[in-house]
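Asks: Protein chains in written order, with my numbering: chain A, 39 to 167; chain B, 39 to 167. Beta carbons are placed, not taken as given, at the ideal position from N, Cα and C, and that holds for glycine. Here the structure is a predicted model, which is why all the values come from computation and not from measurement.
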DNA sequence: GGGACATCTGCACATCTGTGCATATGTTGC
DNA sequence: GCAACATATGCACAGATGTGCAGATGTCCC
């Protein structure tokens, strides 16, 4: 990571097996910044509590913090903390109603992602059964 | 979390705002075990190095370890480590050819997931620009 | 068999991450 | 303004995670 100057372009120094493919991958794959963003988003989904919150919201559309906590069996503090992270990343959106805040999934991309993932997981579980 | 016995069913002790919705969410959302699996899979994608590896494979189909390392600018050790995790979770599959091992994405679900995610990330980036 | 190469694994370390408690913020109704 | 409630935040700690180095495994070529 120190990148003293000979990181990317001097890769030719070590002969690659398929330089053409590597070149394609390097140019077409997400940039470092983009992949960091993508990874950050995936990591956000990579916690059971947050995952369950998202699927709960996927099912019922909208819930306040205390209901979310009850639905996924976590403390309200944990729920609030999780929702904070999800909200910052714009995975969920909050709507204030009196002293309560109702959360919902931010957009349809997230919904599709959750649907697809669950489908994959179930498909996968069958295969390993 | 100590769950002395009054965690799940006694939730009624604290009046919920929308008990009906909570009940639906509790029954329809992934079970604890399933959500742990889902989270584990997301967490696996939640590392920039692994993310980049997956997108590189998405682009060129198949690569050996040293080419992967070159394509995403990480050491071969890191690549091998990352691939081990991805392989154990059956996100990628390895094929031995001589002393080299070629890796590829395991199934089409993963490909769709990656495509959808990148689309979402780009859409998101536009919005915040 | 022996050496060279590609990949894998085990171990130790710095870092990050989730959790729980206590406390702060903001809102309602009086 | 004050008390009660819903939610948010700051801090400290235990546990998980990525990284690098050294060594092990397995494969090819002679």
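Nearest to residue 135/B by alpha carbon, out of 106/B, 102/B, 89/B and 74/B?
Replies: Per the Cα distances, 102/B.
Asks: Using the rule of at least 16 other Cβ atoms within 10 Å of the residue's Cβ for burial, across every protein chain shown, is residue 45/A buried or exposed?
Replies: Note that residue 45/A scores 38 on pLDDT, short of 50, meaning its location in the model is unreliable; the coordinates nonetheless yield the value given after this. Answer is exposed; the Cβ neighbour count stays below 16.
Asks: Would the beta-carbon of residue 54/A fall within 8 Å of that of residue 105/B?
Replies: It is a contact, given that the beta carbons lie within the stated cut-off.
Asks: Could you give the uninterrupted runs of the beta strand (DSSP E) lying entirely in the segment 108-140 of chain B, keeping only those of 3 residues or more?
Replies: Runs of the beta strand (DSSP E) inside the segment 108-140 of chain B: 130-135.
Asks: Any C-beta of chain A sitting closer than 8 Å to the C-beta of residue 157/B?
Replies: Cβ-Cβ to chain A under 8 Å: yes for residue 157/B.
Asks: What number of angstroms, rounded off, separates the C-alpha of residue 93/B from the C-alpha of residue 137/A?
Replies: Roughly 44 Å between the two C-alpha positions.
Asks: Thinking just about the alpha-carbon of each residue, which of 80/A, 87/A, 139/A and 76/A is nearest to the one in residue 112/A?
Replies: Checking every option, the nearest Cα to that of residue 112/A belongs to 87/A.
Asks: Taking buried to mean at least 16 other C-beta atoms within 10 Å of its own C-beta, is residue 89/B buried or exposed?
Replies: When all chains shown are included, residue 89/B counts as buried.
Asks: Using beta-carbon positions only, say whether residue 132/A and residue 77/B come within less than 8 Å of one another.
Replies: Not in contact: residue 132/A and residue 77/B (Cβ atoms no closer than 8 Å).
Asks: Among residues of its own chain, excluding the 5 on either side of residue 82/A, which ones have a beta-carbon nearer than 7 Å to its beta-carbon?
Replies: Excluding positions up to five away in sequence, the list reads 88, 123, 124, 127 and 129.
Asks: Closer than 8 Å, CB to CB, is residue 9/A near chain B or not?
Replies: For chain A, the structure presents residues 39 to 167; residue 9/A sits outside this window and is missing.
Asks: Helix, strand or coil: which one does DSSP assign to residue 54/A?
Replies: Of the three classes helix, strand and coil, the one that applies to residue 54/A here is coil, per DSSP.
Asks: Taking the alpha-carbon of residue 59/B as reference, which of 98/A, 149/A, 150/A and 142/A has the nearest alpha-carbon?
Replies: Of the candidates 98/A, 149/A, 150/A and 142/A, the one whose C-alpha sits nearest the C-alpha of residue 59/B is 98/A.
Asks: List the whole-angstrom C-beta distance separating residue 154/A from residue 154/B, where the pair is believed to meet the contact cut-off of C-beta under 8 Å.
Replies: Yes, they are in contact, since the Cβ atoms of residue 154/A and residue 154/B sit about 6 Å apart, within 8 Å.
Asks: Which value, in whole angstroms, describes the spacing of the CA atoms of residue 142/B and residue 119/B?
Replies: So the two alpha carbons sit approximately 15 Å from each other.
Asks: Measure the C-alpha to C-alpha separation of residue 66/A and residue 75/A and round it to an integer number of angstroms.
Replies: Going from the Cα of residue 66/A to the Cα of residue 75/A covers about 16 Å.
Asks: Pop quiz: residue 68/B and residue 156/A are said to be a contact at Cβ under 8 Å. What is the actual Cβ separation, rounded to whole angstroms?
Replies: Indeed, because the Cβ distance is near 7 Å, the residues count as touching under 8 Å.
Asks: Taking the alpha carbon of residue 91/A as the point to measure from, which residue in 64/B, 108/B and 79/B has its own alpha carbon closest?
Replies: Closest by alpha carbon: 64/B.
Asks: On the CB-based measure, 16 or more other CB atoms within 10 Å of its CB, does residue 163/B come out buried or exposed?
Replies: Answer is exposed; the Cβ neighbour count stays below 16.
Asks: May I ask which residues mark the beginning and end of the alpha helix (DSSP H) holding residue 86/B?
Replies: Looking at the DSSP string, the run of the alpha helix (DSSP H) that includes residue 86/B is 86-98.
Asks: Which whole-angstrom value is the C-beta distance of residue 147/A and residue 158/B, which I expect to be below 8 Å?
Replies: With a Cβ gap of about 4 Å, residue 147/A and residue 158/B count as contacting.
Asks: Using a Cβ cut-off of 8 Å (strictly closer), state whether residue 55/A contacts chain B.
Replies: It does: the Cβ of residue 55/A has a partner Cβ on chain B nearer than 8 Å.
Asks: Just to confirm my understanding: we take residue 96/B, look at its own chain, exclude 5 residues before and 5 after, and list those with CB closer than 8 Å. What are they?
Replies: So the qualifying residues of the chain are 143, 149, 152 and 153.
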